[in-house]
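FYI, in the numbering used here the residues of the first sequence are 1025 to 1331. The beta carbon of each residue, even a glycine, is placed where N, CA and C say it ideally should be. Comments concern the structure below.
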Amino acid sequence: MTYNLITILGPTACGKTRVAAKLAHRIGTEILSADSRQIYRGMDIGTGKDLADYVVEGRQVPYHLIDIAEPGYKYNLYEYQRDFLEAYNIVRARDVVPILCGGTGLYLESVLRAYRLDEVPQNPELRAHLEGKSLEELTALLATYKTLHNTTDVDTAQRAVRAIEIAEHYRQHPVAKRAFPEICSLTIGLDVSRELRRDRISSRLRNRVEEGMIDEIRGLLTKVKPEDLIYYGLEYKFVTQYVIGELTKDEMLTQLEIAIHQFAKRQMTWFRGMERRGVHIHWIDGAKSDEKKIEEIERLWKTTVGE
RNA sequence: GGUGCCUUGGAUGAGUGGCUUAGUCAACGGUCUGCAAAACCGUCUACAGCAGUUCGAAUCUGCUAGGCACCU
């Protein structure tokens, strides 16, 4: 069995992008992003796009799935998978192995574990019918469609409505199935100790504030509603709250920093869970130099081909 | 030098002579196939130290230490 994808994952601020770009440059391939926020145009500093990192030795490494949606748009997992496949096929057509790089666990997992998702458009009649029902009623209704094997679907009424919509869709279109290529990924995780992770997150945040992150968000607020920006979380949430006067600058900085640390922890939790669900991750030491990391990845590539 | 007040888990902060934990935040662990940088769940048992009163004290008394306020 040969690999047809290299995945580089890790928590925020672990240096994924740089390693992925350098590796892509060296082996002449392209990058497919797996980041639920970097898809948005104009959300650059806050999402840590680091677009400059895609220029290696003066050459632009092609990347995909970044800057593909307007801020305020509600992108979802189905769309990600659809867009991923399109980009994947484009790169594969060049007969190279793409590098999937990002930190959005759900997006990564939808590729690595080949979730089968159908396009489920909104169903206005159903939504109108469900309007005003309590979460309890919606949960009971969802239970008539399927066994409730998680609680994420019924966290909020909004999610429960969507879950029912999807269940209703599958009831009406039971055989619809999307073709999904056999993905066999060499999956690399960048492992950074808690202390180092925290240091990097904190200093990176300071840098981004200096680079104009707050102005970026002020600009976005001229065309995106505050609540939509707040929904995006982290930088967009706390800086928006600061800009509209709900937080002082100090409160914003303190709370944001804590929130990013918590986010990084949740990312690691996700990756561990993903391993339990059967995704094999080769962890490499994130404290090493980029060159060492790339050597290690290349060594893994050679020695594990055919495992 | 004198008088009074305070001292609770990593932080903050309520409370009562004994019965089950305050709460909040942080930290840590987890959940997860459709907004995931979201949403949600779990864990963390402390009352400054010593001596005494009491069947029983973190809660009462005394001393010691630290802090705060006021007085000469």
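Per the C-alpha coordinates, the member of G1034, G1156, R1140 positioned closest to R1290 is G1034. S1217 counts as exposed, since fewer than 16 other C-beta atoms from the protein chains shown sit within 10 angstroms of its C-beta. Beyond the five residues adjoining it in sequence on each side, S1227 comes within less than 7 Å, by CB distance, of no other residue in the same chain. The bridge partners DSSP lists for R1083 are V1080. Looking only at R1061, D1074, T1026, the smallest Cα-Cα distance to A1044 is reached by D1074.
By the 16-neighbour rule on beta-carbons within 10 angstroms, T1246 is exposed. Within the same chain, and ignoring the five residues on either side of V1120 in sequence, the residues whose Cβ sits closer than 8 Å to its Cβ are I1051, G1052, T1053, E1054. In the structure shown, the three-state DSSP call for T1264 is helix. In this structure, the beta-carbon distance from T1327 to C1208 does not fall below 9 Å. Contact between the region 1138–1154 and the region 1062–1074 is absent, with fewer than three C-beta pairs closer than 8 Å.
For A1037, the three-state secondary structure derived from DSSP is coil. Around the C-beta of E1206, fewer than 16 other C-beta atoms lie within 10 Å, and the residue is accordingly described as exposed. In the three-state DSSP reduction, A1117 falls in the coil class, being neither helix nor strand. For I1055, the uninterrupted beta strand (DSSP E) run begins and ends at 1055–1058, by DSSP. Under DSSP, S1209 shares a beta bridge with L1029. About 11 Å separates the beta carbon of L1047 from that of L1210, a gap too long to meet the 8 Å contact definition.
Here S1134 is actually not in contact with H1088; their C-beta atoms are around 16 Å apart, not less than 8 Å. Shown here, G1129 sits in a helix according to DSSP, grouped into three states. In this structure, the beta-carbon distance from R1232 to V1185 does not fall below 9 Å. Excluding five sequence positions before and after E1259, the CB atoms of its chain that fall closer than 7 Å to its own CB belong to G1070, M1237, L1280, given in chain order.
Per the Cβ contact rule, the region 1285–1301 is in contact with the region 1125–1134 (3 or more Cβ pairs under 8 Å). In its chain, beyond the 5 residues on either side, I1063, Y1064, Y1099 have a beta carbon closer than 6 Å to the beta carbon of A1093. Around the Cβ of K1316, a 10 Å sphere holds fewer than 16 other Cβ atoms; the residue is exposed. When only Cα atoms are considered, G1096 and V1248 end up about 6 Å apart. If you check the CB distance, A1288 and T1041 do not come in under 9 Å.
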